[in-house]
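Just so you know, the protein sequences line up as chains A and B, in that order.
Residues 1 to 356 in this note's numbering are what the first sequence lists, from first letter to last.
Residues 357 to 712 in this note's numbering are what the second sequence lists, from first letter to last.
Just so it is clear, CB atoms sit at the ideal spot from N, CA and C, and this is done for glycine as well.
Owing to the predicted nature of the structure, the values given are computational and were not obtained by experimental measurement.
In what follows, a single structure is set out as structure tokens and then discussed.
Number of protein chains: 2
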Amino acid sequence: MVSNNVGRASIHHVANRAGVSAATVSKVLRGVKTVKPANVEKVLAAVKELDYRIDPLASDLRRAKRRIIGVIIPELESEFFGRLTSRLETLAEAAGYSLAIATSQESEERELKLVERMHDWRVAGTILAPVRSERGLGATAMKKIGMTAVLVDRVVANDTFDTVTADNANASAQIARKLAEAGHKHVLLLGLNEVSKSLRTRISAFREEIEKSGAEMKVDLLLAEGPLDDLRQAFSNYLDETRPTAVFSLFQRGTLVVLSEFRRRAIQCPQDISVVGFDDAEWMQATYPAVTAVVQPIRQIAERAFERLLLRIETPQSFAVCQLQPCTFVERESLVDLKTAVLRPEQNRRRHNPPG
Amino acid sequence: MVSNNVGRASIHHVANRAGVSAATVSKVLRGVKTVKPANVEKVLAAVKELDYRIDPLASDLRRAKRRIIGVIIPELESEFFGRLTSRLETLAEAAGYSLAIATSQESEERELKLVERMHDWRVAGTILAPVRSERGLGATAMKKIGMTAVLVDRVVANDTFDTVTADNANASAQIARKLAEAGHKHVLLLGLNEVSKSLRTRISAFREEIEKSGAEMKVDLLLAEGPLDDLRQAFSNYLDETRPTAVFSLFQRGTLVVLSEFRRRAIQCPQDISVVGFDDAEWMQATYPAVTAVVQPIRQIAERAFERLLLRIETPQSFAVCQLQPCTFVERESLVDLKTAVLRPEQNRRRHNPPG
DNA sequence: CTTCATTTGTAAACCGATTTATTTCTGTTT
DNA sequence: AAACAGAAATAAATCGGTTTACAAATGAAG
Numbered sequence: 001m002v003s004n005n006v007g008r009a010s011i012h013h014v015a016n017r018a019g020v021s022a023a024t025v026s027k028v029l030r031g032v033k034t035v036k037p038a039n040v041e042k043v044l045a046a047v048k049e050l051d052y053r054i055d056p057l058a059s060d061l062r063r064a065k066r067r068i069i070g071v072i073i074p075e076l077e078s079e080f081f082g083r084l085t086s087r088l089e090t091l092a093e094a095a096g097y098s099l100a101i102a103t104s105q106e107s108e109e110r111e112l113k114l115v116e117r118m119h120d121w122r123v124a125g126t127i128l129a130p131v132r133s134e135r136g137l138g139a140t141a142m143k144k145i146g147m148t149a150v151l152v153d154r155v156v157a158n159d160t161f162d163t164v165t166a167d168n169a170n171a172s173a174q175i176a177r178k179l180a181e182a183g184h185k186h187v188l189l190l191g192l193n194e195v196s197k198s199l200r201t202r203i204s205a206f207r208e209e210i211e212k213s214g215a216e217m218k219v220d221l222l223l224a225e226g227p228l229d230d231l232r233q234a235f236s237n238y239l240d241e242t243r244p245t246a247v248f249s250l251f252q253r254g255t256l257v258v259l260s261e262f263r264r265r266a267i268q269c270p271q272d273i274s275v276v277g278f279d280d281a282e283w284m285q286a287t288y289p290a291v292t293a294v295v296q297p298i299r300q301i302a303e304r305a306f307e308r309l310l311l312r313i314e315t316p317q318s319f320a321v322c323q324l325q326p327c328t329f330v331e332r333e334s335l336v337d338l339k340t341a342v343l344r345p346e347q348n349r350r351r352h353n354p355p356g
Numbered sequence: 357m358v359s360n361n362v363g364r365a366s367i368h369h370v371a372n373r374a375g376v377s378a379a380t381v382s383k384v385l386r387g388v389k390t391v392k393p394a395n396v397e398k399v400l401a402a403v404k405e406l407d408y409r410i411d412p413l414a415s416d417l418r419r420a421k422r423r424i425i426g427v428i429i430p431e432l433e434s435e436f437f438g439r440l441t442s443r444l445e446t447l448a449e450a451a452g453y454s455l456a457i458a459t460s461q462e463s464e465e466r467e468l469k470l471v472e473r474m475h476d477w478r479v480a481g482t483i484l485a486p487v488r489s490e491r492g493l494g495a496t497a498m499k500k501i502g503m504t505a506v507l508v509d510r511v512v513a514n515d516t517f518d519t520v521t522a523d524n525a526n527a528s529a530q531i532a533r534k535l536a537e538a539g540h541k542h543v544l545l546l547g548l549n550e551v552s553k554s555l556r557t558r559i560s561a562f563r564e565e566i567e568k569s570g571a572e573m574k575v576d577l578l579l580a581e582g583p584l585d586d587l588r589q590a591f592s593n594y595l596d597e598t599r600p601t602a603v604f605s606l607f608q609r610g611t612l613v614v615l616s617e618f619r620r621r622a623i624q625c626p627q628d629i630s631v632v633g634f635d636d637a638e639w640m641q642a643t644y645p646a647v648t649a650v651v652q653p654i655r656q657i658a659e660r661a662f663e664r665l666l667l668r669i670e671t672p673q674s675f676a677v678c679q680l681q682p683c684t685f686v687e688r689e690s691l692v693d694l695k696t697a698v699l700r701p702e703q704n705r706r707r708h709n710p711p712g
């Protein structure tokens, strides 16, 4: 029986050509040993002649487990998730899986839909970087469904799923300590998307560290939901009435907002206000000034997450582990020690007047 | 006959529950009208009770065309392809397709493998952003296979595939004109990955424009294959012996190399050397100085490409079209007019000595 | 009350693979 | 040469759907 799928040979074509049954072809291709060498030859020849390749989806259908791993991330436009996904792709391929990548676009409703889609696709497992946290719509649905999954990035420990994330708390506390030691007595924490677990962790860890250490510091917090411009506006309003000695941006694009607003207002950084950013980017070495930042261990997050997922796919695990990957810290120019710094205002003026 | 796939109801379960045949269930679900309302009710009820959802892969298997569109891009770590992919995802979903995203990691061999994988997956069509050009390994294989595809970004017109790309030539010529008009008589073109068609177009268009206009300008070209650090080194060596009046970086990360090398050497931009970048990024407004750049119409590229692909999937087209999407231009601070600018060196010194 | 034309419903084939249960082919051993 | 064990090959069932071809039910016309 020869089918009608234009241009593409099926296993039956090969069987015909080789004068054997489809079952034999399947065996040869999967390397089952119980085939006479002469027949192996014939099959291989037919495969070559017909340019035959297994249809992995048809194959998976019968095997009842698909060699596809779902990846759901909030967005693809920042370096963080791009890098993460890229690394996951490499790992997945090495393990014989393909990736089904989808972005929730920072929407929990969409996240839920995507979880369902992954379920429909019968993926072997899913790596979810939730919009919100391990209690969000997506993760909740996964739990109900009983999906094999690992949660990354905007999560904390959880008793259903393995979680892998940067050690936000530690990194944030470290920044708090540094700022306190550098004599900063008034710091603004700047964030977006209050809903993200990572952000909340960064905020609370900062506060707790200050409290614990007994340092004398006023900590302001500025958050804005929705588009980045809202945050820009809020930050601008804030600066109209307050001048902290340092700003700690809790996410990458926030750092950009800070820098560009400083520029617009001709605020000198770090002389007037210091800046530290959570989440490093390549461009931070080229800004004015170069930004001191926390760098997240993206590679490690990807690797640990994938490792756990594979483990769970292959052997059902009894309890969930929570892995915190340590961040590192790049010291550049944007953060000064108020106690030791001797500021020479004359040399620090920028030449351009702020545009507009 | 009730199957064994744990936890998941199949169409047969639903048929049983509703007391009809699987064929009827299929019809109801696909909205075929020839089903008695009473049966529609029963099926819908059973679907809800069993939480049934069609397995799209099994469904596609029989339909012989899969509702999956392949996307092959060189990398996911830069804004450009992240944005492009994101947009494509939205478009694909609106049209009832899922995306299979894969990165060639700037390797043509990998690109070829991915084309083959997409073919194995029997995708309805593929959008390829080639590592090299419309004549690279991937596109060649696609042609041989007879795959429905659209080529984007690093391509020019082609008689087999539709191509969609930024109008590199025009944008580059425009930069050439601007530089000439601003009195720059010695310009360095800085690029990576000589193999990319876009880059080659940008270079040749620049040269041709200068030649055509008869402007008097020395044009140097610096390229480096492989890692970015090679380019950094090459650029550093170049600066040891030459000082152009302007650098035109032909790609985004090149602009970063230029800026950081300037910083290291305490070269004043734009007073000592001007900079223009191809491919804008959000961070370019926060660098020192803010970078004047060409911005690529990513959204439009995604939309035109998807539109053409859909057209080809639905009705085989006879001949290929080539769409050039116009770029725009953001004027910021890094490019000066040598004829009018009055430079005041005293105010332009940066305060920090270059590190190291 | 037939007869014929429509609707509506379903059994069975099919998509392209894998897996099972069974048959056929070997090669020994009596 | 018959009997039997082990190896190799295959027919058929299966995965979860869709589609086809035909049968059954319904309705209208004669």
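Query: What residues in its chain sit with their C-beta under 7 Å from that of residue 17/A, if we drop five residues either side in the sequence?; Result: 46, 49 and 50
Query: Going along chain A in order, which residues have a C-beta closer than 7 Å to the C-beta of residue 457/B?; Result: 101
Query: What residue does the beta strand (DSSP E) around residue 90/A start on, and which one ends it?; Result: First-last for residue 90/A: 79–94, but that is the alpha helix (DSSP H), not the beta strand (DSSP E).
Query: Could you tell me the alpha carbon to alpha carbon distance between residue 228/A and residue 152/A, rounded to whole angstroms?; Result: 24 Å
Query: If you measure from the beta carbon of residue 634/B to each beta carbon in chain A, is any gap under 9 Å?; Result: no
Query: When Cβ atoms are compared, which residues of the region 504–536 of chain B fall closer than 7 Å to chain A?; Result: none
Query: Can you say whether residue 582/B is buried or exposed, counting buried as having 16 or more other CB atoms within 10 angstroms of its CB?; Result: exposed
Query: Name, please, each residue of chain B whose Cβ falls closer than 8 Å to the Cβ of residue 96/A.; Result: Per Cβ cutoff of 8 Å: no residues; residue 96/A is ~12 Å from chain B at best.
Query: Within 10 Å of its beta-carbon, does residue 652/B have 16 or more other beta-carbons around it, so buried, or fewer, so exposed?; Result: buried
Query: Beta strand (DSSP E) containing residue 294/A: first to last residue?; Result: 292–295
Query: Please compile the residues from chain B whose C-beta is within a distance smaller than 8 Å of the C-beta of residue 58/A.; Result: 417
Query: CA-CA distance, residue 465/B and residue 471/B?; Result: 10 Å
Query: State yes or no: is the C-beta of residue 375/B nearer than 8 Å to some heavy atom of the ligand SAM?; Result: This structure does not include the ligand SAM; it has no bound ligands of any sort.
Query: Among the candidates 573/B, 546/B, 628/B and 570/B, whose CA atom is the shortest distance from the CA of residue 612/B?; Result: 546/B
Query: May I ask you to report which of helix, strand or coil DSSP gives residue 287/A?; Result: strand
Query: Quick one: list the residues of chain A neighbouring residue 445/B, beta-carbon separation under 9 Å, in chain order.; Result: 76, 101, 102, 103 and 105
Query: Using beta carbons (cut-off 9 Å, strictly below), is residue 640/B in contact with chain A?; Result: yes
Query: Report all residues from its chain with a CB closer than 6 Å to the CB of residue 705/B; omit the five preceding and five following residues, and keep chain order.; Result: Annotation note: pLDDT 39 at residue 705/B (below 50); position unreliable, no value reported.
Query: By Cβ distance below 7 Å, which residues in the same chain neighbour residue 215/A in space, the five residues on each side in sequence not counted?; Result: 180
Query: Taking the DSSP output, what are the residues bridged to residue 684/B?; Result: 651/B
Query: Identify the contact partners of residue 546/B in chain A, using a Cβ-Cβ distance below 8 Å as the criterion.; Result: Neighbours of residue 546/B on chain A: none; closest Cβ ~14 Å, over 8 Å.
Query: Rounded C-beta distance between residue 519/B and residue 513/B? I'm assuming under 8 Å.; Result: 6 Å
Query: Near residue 107/A, which residues of its chain fall below 7 Å by C-beta distance, leaving aside the five closest residues on each side in sequence?; Result: 131
Query: Using the Cβ count rule (16 or more neighbours within 10 Å means buried), how would you classify residue 386/B?; Result: exposed
Query: Does residue 636/B pass the burial test, meaning 16 or more other C-beta atoms within 10 Å, or should it be called exposed?; Result: buried
Query: What's the C-alpha gap between residue 492/B and residue 478/B?; Result: 21 Å
Query: Mind checking if residue 674/B is an interface residue toward chain A, Cβ cutoff 9 Å exclusive?; Result: no
Query: Measure the alpha-carbon distance for residue 80/A versus residue 298/A and round it to whole angstroms.; Result: 7 Å
Query: Can you tell which of 284/A, 325/A, 307/A and 322/A has its C-alpha closest to the C-alpha of residue 126/A?; Result: 307/A
Query: Quick check on DSSP: helix, strand or coil for residue 521/B?; Result: strand
Query: Can you tell me which of 53/A, 259/A and 208/A puts its alpha carbon nearest to the alpha carbon of residue 501/B?; Result: 53/A
Query: Would you mind working out which of 93/A, 98/A and 74/A sits nearest residue 104/A, comparing C-alpha positions?; Result: 74/A
Query: Using the rule of at least 16 other Cβ atoms within 10 Å of the residue's Cβ for burial, across every protein chain shown, is residue 347/A buried or exposed?; Result: Only weak support exists for where residue 347/A lies, its pLDDT of 42 falling under 50; the value from the coordinates is given anyway. Label assigned to residue 347/A: exposed.
Query: So, at 7 Å on beta carbons, what are the nonlocal neighbours of residue 313/A in its own chain, with the 5 sequence-adjacent residues on each side left out?; Result: 124, 125 and 148
Query: What are the start and end residues of the alpha helix (DSSP H) that includes residue 383/B?; Result: 378–386
Query: Would you say residue 81/A lies against chain B (beta-carbon separation less than 9 Å)?; Result: yes
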